[in-house]
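Order-wise, the sequence lines are chains A and B. Heads up: the first sequence is residues 1 to 412, going by UniProt numbering. Heads up: the second sequence is residues 1 to 412, going by UniProt numbering. To start, the structure under review is shown below, and the notes come after it.
Protein chains: 2
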Amino acid sequence: MALYVQKFGGTSVGTVERIKKVAERVGRFRKEGHDVVVVVSAMSGETNRLIALAKDIHDEPSPREMDMLVSTGEQVTIALLAMALEQQGTPATSYTGAQVGIITDKAYTKARIKKIDTEAINQDLKAGRVVVVAGFQGVDEEGNITTLGRGGSDTTGVALAAALKADECQIYTDVDGVYTADPRICSKASRLDTITVEEMLELASLGSKVLQIRSVEFAGKYKVPLRVLSSFEDNEGPGTLIVADDEENPSMEEPLISGIAHNTNEAKLTVLGAPDIPGVAARILGPIGDANIEVDMIVQNVSPDGKSTDFSFTVGRGDYKKAKALLEDIVTEMGAGKVVGDTAIAKVSLVGVGMRSHAGVASLMFKTLASAGINIRMVSTSEIKISVVIDENFTELAVRTLHTAFGLDKAE
Amino acid sequence: MALYVQKFGGTSVGTVERIKKVAERVGRFRKEGHDVVVVVSAMSGETNRLIALAKDIHDEPSPREMDMLVSTGEQVTIALLAMALEQQGTPATSYTGAQVGIITDKAYTKARIKKIDTEAINQDLKAGRVVVVAGFQGVDEEGNITTLGRGGSDTTGVALAAALKADECQIYTDVDGVYTADPRICSKASRLDTITVEEMLELASLGSKVLQIRSVEFAGKYKVPLRVLSSFEDNEGPGTLIVADDEENPSMEEPLISGIAHNTNEAKLTVLGAPDIPGVAARILGPIGDANIEVDMIVQNVSPDGKSTDFSFTVGRGDYKKAKALLEDIVTEMGAGKVVGDTAIAKVSLVGVGMRSHAGVASLMFKTLASAGINIRMVSTSEIKISVVIDENFTELAVRTLHTAFGLDKAE
Chain A
1 MALYVQKFGG TSVGTVERIK KVAERVGRFR KEGHDVVVVV SAMSGETNRL IALAKDIHDE
61 PSPREMDMLV STGEQVTIAL LAMALEQQGT PATSYTGAQV GIITDKAYTK ARIKKIDTEA
121 INQDLKAGRV VVVAGFQGVD EEGNITTLGR GGSDTTGVAL AAALKADECQ IYTDVDGVYT
181 ADPRICSKAS RLDTITVEEM LELASLGSKV LQIRSVEFAG KYKVPLRVLS SFEDNEGPGT
241 LIVADDEENP SMEEPLISGI AHNTNEAKLT VLGAPDIPGV AARILGPIGD ANIEVDMIVQ
301 NVSPDGKSTD FSFTVGRGDY KKAKALLEDI VTEMGAGKVV GDTAIAKVSL VGVGMRSHAG
361 VASLMFKTLA SAGINIRMVS TSEIKISVVI DENFTELAVR TLHTAFGLDK AE
Chain B
1 MALYVQKFGG TSVGTVERIK KVAERVGRFR KEGHDVVVVV SAMSGETNRL IALAKDIHDE
61 PSPREMDMLV STGEQVTIAL LAMALEQQGT PATSYTGAQV GIITDKAYTK ARIKKIDTEA
121 INQDLKAGRV VVVAGFQGVD EEGNITTLGR GGSDTTGVAL AAALKADECQ IYTDVDGVYT
181 ADPRICSKAS RLDTITVEEM LELASLGSKV LQIRSVEFAG KYKVPLRVLS SFEDNEGPGT
241 LIVADDEENP SMEEPLISGI AHNTNEAKLT VLGAPDIPGV AARILGPIGD ANIEVDMIVQ
301 NVSPDGKSTD FSFTVGRGDY KKAKALLEDI VTEMGAGKVV GDTAIAKVSL VGVGMRSHAG
361 VASLMFKTLA SAGINIRMVS TSEIKISVVI DENFTELAVR TLHTAFGLDK AE
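Below, the structure is given as structure tokens:
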């Protein structure tokens with residue numbers, strides 16, 4: 001008999017019918033004798049509906065009032081799910097973030113959890129009840145309602161699992177696990193049984209939208225076993241278990257590469273011939289950061305004459321025009337260099353903790369891409385990741401070719 | 001500079017546009033230097049939407065979960081109204097019933113307020129902020145969300161006004177005050193400047209749906225000056241002030257009659273020839289009460305032979321068939337009597353504290369109805385009220401004729 005924290009997102013509770021399906025699934029776990037705490041998001045569409053109401057009233061609503069407003073979304077779901085559980089004969093009690101004692105800091109709309117009071121939950125579990133908790137929300141020390149930011153329900157689930165010392169935190173979603181590559185463009189992609197927190201973090205930040213990054217960090221920090229599963233009836237597989245990095249006992253059989261991520265939502269900007277003097281990177285990136293534009297890959301090369309440098313980075317495509325205009329001002333100010341850019345790029349990344357102990361990943365990657373006739377435009381590496389920027393047209397070819405080359409193709 | 005508690009119902013905050021109008025009105029009071037606490041209901045339609053969701057899931061949802069669910073309606077409104085106030089330059093803070101410390105008993109869906117913590121409100125008022133409080137809801141001693149039952153936002157308003165010792169509790173509604181009769185059927189009806197709590201209670205229970213009865217009782221008990229006003233922009237009259245009964249200093253000029261109420265939603269049932277023995281009324285009404293059927297007027301007459309009695313009462317028309325069937329069982333059991341009934345009736349009532357000190361109201365009423373050719377089928381009186389039951393066809397004629405006879409017609 002185990003204690004599970006099960007989190008269901010907005011799509012999984014998007015209609016009354018789906019809420020009933022969730023209740024059935026939770027009820028089955030309960031009937032098997034397990035203790036279950038359920039964390040739910042707002043019904044899909046509800047948060048956007050509330051935000052639209054607010055925007056009709058105020059261009060920049062007070063963050064406190066936004067949290068007051070949108071936190072009602074999860075409150076509706078917990079009440080409905082508790083009703084659905086009771087309708088099916090499973091005793092259940094719902095709690096808002098405030099009621100269950102999820103104490104956060106005061107950073108409205110992006111609050112961080114400070115502590116969780118588990119007394120009420122443990123009492124209910126002991127009495128054989130399923131506990132239904134509103135995800136995404138908490139309360140500061142003064143009783144003001146806060147929210148953890150979009151996707152924060154995953155974090156609520158992991159934080160509750162940590163506080164309750166749950167055996168597993170199960171995140172139900174619309175995919176049945178983490179894949180070696182995006183199955184929509186790579187038909188040979190296969191579901192991973194396990195993946196490490198570190199790898200998952202690299203994959204999440206590279207564009208795999210399965211889990212919210214913060215919840216994965218949290219799971220790593222508090223060693224919470226985290227499982228991603230499908231919430232759809234007809235697909236009750238084991239999902240993917242995300243395990244803490246165990247540096248003392250690394251698996252002998254660790255695969256070189258766990259997965260391949262791709263991202264076609266970035267654009268590349270380069271300042272050609274910038275003066276190669278200290279502080280030039282800061283001078284170029286300062287105004288970009290000030291404009292709240294997020295920069296992803298950064299590459300700098302010294303040009304052959306040793307006096308000037310080529311400085312490249314990538315930004316989200318939505319920020320491309322704004323970033324380019326800012327760069328042109330900077331170049332004019334510096335009196336040197338030239339700005340060029342490209343929006344038709346793709347970033348393809350190999351991720352795997354196995355990379356740490358094996359050389360040759362980069363050379364195999366480059367060789368594979370070269371034999372497929374794909375030109376590499378930018379390279380960036382971390383300890384367990386290699387990312388390359390290529391022409392967008394070649395995205396699928398690159399992912400498929402690398403998938404085969406690194407032995408990830410599923411057995412037929 | 002006064003302290004006002006202003007309550008706006010669901011229609012007054014039914015759309016984003018109307019919420020902005022409410023913010024403008026509240027802002028004007030604030031700019032005049034008054035302190036304002038605003039109590040709001042859920043946007044019209046929202047509570048019904050939530051109840052429909054619950055009914056799709058469970059025939060009889062747990063009352064605790066129902067309160068968890070429907071209390072989100074007011075929470076949405078308070079956040080939106082606080083945003084609208086800030087948009088117009090009026091600093092504002094919203095509070096749920098739980099946050100502001102409206103402590104109730106545990107009677108989910110029909111809780112009663114036990115106490116209110118005014119500390120947070122007073123601090124905000126001192127800081128020059130408008131305080132926006134969710135009506136209709138509170139929290140029990142253990143932190144469970146409760147609601148006060150439909151229309152409970154009026155009660156929240158009055159209770160807050162009492163706790164804060166406000167100068168006035170203003171209930172904004174879709175009528176501009178309390179009238180001497182229903183203006184839709186009596187064109188000469190006029191708005192009352194003042195009415196006593198006692199009169200208002202009689203009028204409310206007689207079918208004038210301006211205010212919730214409980215809030216009026218509360219206002220009387222705690223001597224809260226209560227004003228009913230129109231929430232519509234183009235009708236900013238003074239409304240009607242509901243004043244506490246002042247038995248020590250009655251006004252010398254108290255009018256005989258304050259208003260005429262009518263109700264065409266009742267049906268009459270009579271047991272003819274019931275045995276005139278102790279306990280017969282209880283025997284007749286017991287099963288009616290057990291079936292949760294509310295009984296209004298009750299009249300009993302001894303029949304000429306002194307051995308049997310005719311027992312009549314009125315019930316809501318929706319309960320007529322059920323009540324009649326129950327009565328027929330009772331009559332069969334008693335082995336005596338006969339059940340007759342009529343659904344085409346109207347109850348017309350005169351209300352006025354002036355009645356207490358003046359004789360002759362009943363005789364003038366009966367004389368007036370007789371000269372209009374209206375037959376009286378039942379009579380019932382209280383200290384400040386006379387009600388008659390007549391044929392439904394004569395409702396408007398009766399109200400208009402009595403309105404003129406008792407000098408209530410407005411000056412031309």
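Backbone N, C-alpha and C define an ideal beta-carbon position, used for all residues, glycine too. Here the structure is a predicted model, which is why all the values come from computation and not from measurement.
query                                                                                                                                                                                 : result
Report buried or exposed for residue 123 of chain A, applying the criterion of at least 16 other Cβ atoms within 10 angstroms of its Cβ.                                              : exposed
Counting contacts by CB-CB distance shorter than 8 Å, is residue 94 of chain A in contact with chain B?                                                                               : yes
How many whole angstroms separate the CB atoms of residue 9 of chain B and residue 153 of chain B, which I take to be in contact at a CB cut-off of 8 Å?                              : 7 Å
Would you call the CB atoms of residue 400 of chain A and residue 390 of chain A closer than 8 Å?                                                                                     : no
Please identify, using Cβ separations under 7 Å, the residues of the stretch 101 to 131 of chain A that lie next to chain B, in order along the chain.                                : none
Taking 6 Å as the limit between beta carbons, can you name the residues of its chain near residue 362 of chain A, skipping five residues before and five after?                       : 386
Who are the Cβ neighbours of residue 63 of chain B in its own chain at under 6 Å, not counting the five residues just before and after it?                                            : 108 and 109
Run through chain B and tell me which residues come within less than 7 Å of residue 83 of chain A, C-beta to C-beta.                                                                  : 54, 57, 58, 61, 62 and 65
Just tell me which of A:298, A:147, A:24 and A:91 has its CA closest to the CA of residue 381 of chain A.                                                                             : A:298
Starting from residue 95 of chain A and walking both ways along the beta strand (DSSP E), at which residues does that stretch end?                                                    : 92 to 95
Please report the straight-line C-alpha distance between residue 392 of chain B and residue 260 of chain B, rounded to a whole angstrom.                                              : 16 Å
Pull up the distance between the alpha-carbon of residue 409 of chain A and that of residue 394 of chain A, whole angstroms please.                                                   : 19 Å
Kindly indicate if chain A contains any beta-carbon less than 8 Å away from that of residue 79 of chain B.                                                                            : yes
May I have the straight-line CA-CA distance separating residue 338 of chain B from residue 278 of chain B, to the nearest angstrom?                                                   : 19 Å
Evaluate the contact criterion for the stretch 125 to 136 of chain B versus the stretch 91 to 111 of chain B: three or more CB pairs, one atom per stretch, below 8 Å.                : yes
In chain order, what residues of the same chain have a beta carbon less than 7 Å from the beta carbon of residue 326 of chain A, not counting five sequence neighbours either side?   : 287, 288 and 291
Give me the DSSP bridge partner(s) of residue 35 of chain A.                                                                                                                          : A:3
Based on Cα-Cα distance, which residue from B:188, B:186, B:220 and B:187 lies nearest to residue 438 of chain B?                                                                     : In the structure as shown, chain B begins at 1 and stops at 412. Residue 438 of chain B is therefore absent and cannot be evaluated.
In the DSSP output, what is residue 262 of chain B paired with across the bridge?                                                                                                     : B:348
What in chain B is Cβ-close to residue 20 of chain A, meaning under 8 Å?                                                                                                              : 57
Determine the contact status of residue 7 of chain A and residue 135 of chain A, defining contact as a CB-CB distance below 8 Å.                                                      : yes
Quick check on residue 386 of chain B: does DSSP put it in helix, strand or coil?                                                                                                     : strand
Is residue 38 of chain A buried or exposed, if buried means 16 or more other CB atoms sit within 10 Å of its CB?                                                                      : buried
When you compare the stretch 350 to 365 of chain B with the stretch 326 to 336 of chain B, are there three or more beta-carbon pairs, one atom per stretch, that lie closer than 8 Å? : no
Can you tell me which of A:144, A:384 and A:370 puts its alpha carbon nearest to the alpha carbon of residue 402 of chain A?                                                          : A:370
For residue 365 of chain A, which beta-bridge partners are listed by DSSP?                                                                                                            : For residue 365 of chain A, which the question treats as bridged, DSSP gives no partner whatsoever.
According to the Cβ coordinates, are residue 147 of chain B and residue 140 of chain B closer than 8 Å?                                                                               : no
Please list the terminal residues of the continuous alpha helix (DSSP H) segment that includes residue 64 of chain A.                                                                 : 63 to 87
With three or more C-beta pairs closer than 8 Å as the rule, is the stretch 65 to 77 of chain A touching the stretch 75 to 84 of chain B?                                             : yes
Just confirm the distance between the C-beta atoms of residue 245 of chain B and residue 180 of chain B, as a whole number of angstroms; I'd bet it's less than 8 Å.                  : Actually they are not in contact, since the Cβ atoms of residue 245 of chain B and residue 180 of chain B sit about 19 Å apart, beyond 8 Å.
Quick one, which of B:158, B:264 and B:186 has its alpha-carbon nearest residue 212 of chain B's?                                                                                     : B:158
How about residue 102 of chain B and residue 156 of chain B: are their beta carbons less than 8 Å apart?                                                                              : yes
On the three-state DSSP scale, how would you describe residue 413 of chain A?                                                                                                         : This structure gives no information on residue 413 of chain A, because the portion of chain A shown stretches from 1 to 412.
Just the C-alpha distance for residue 398 of chain B and residue 335 of chain B, rounded to the nearest angstrom, thanks.                                                             : 39 Å
Roughly how many whole angstroms lie between the Cα atoms of residue 283 of chain B and residue 319 of chain B?                                                                       : 19 Å
Quick one: what's got a C-beta closer than 7 Å to residue 264 of chain B's C-beta in the same chain, skipping five residues either side?                                              : 346, 392 and 395
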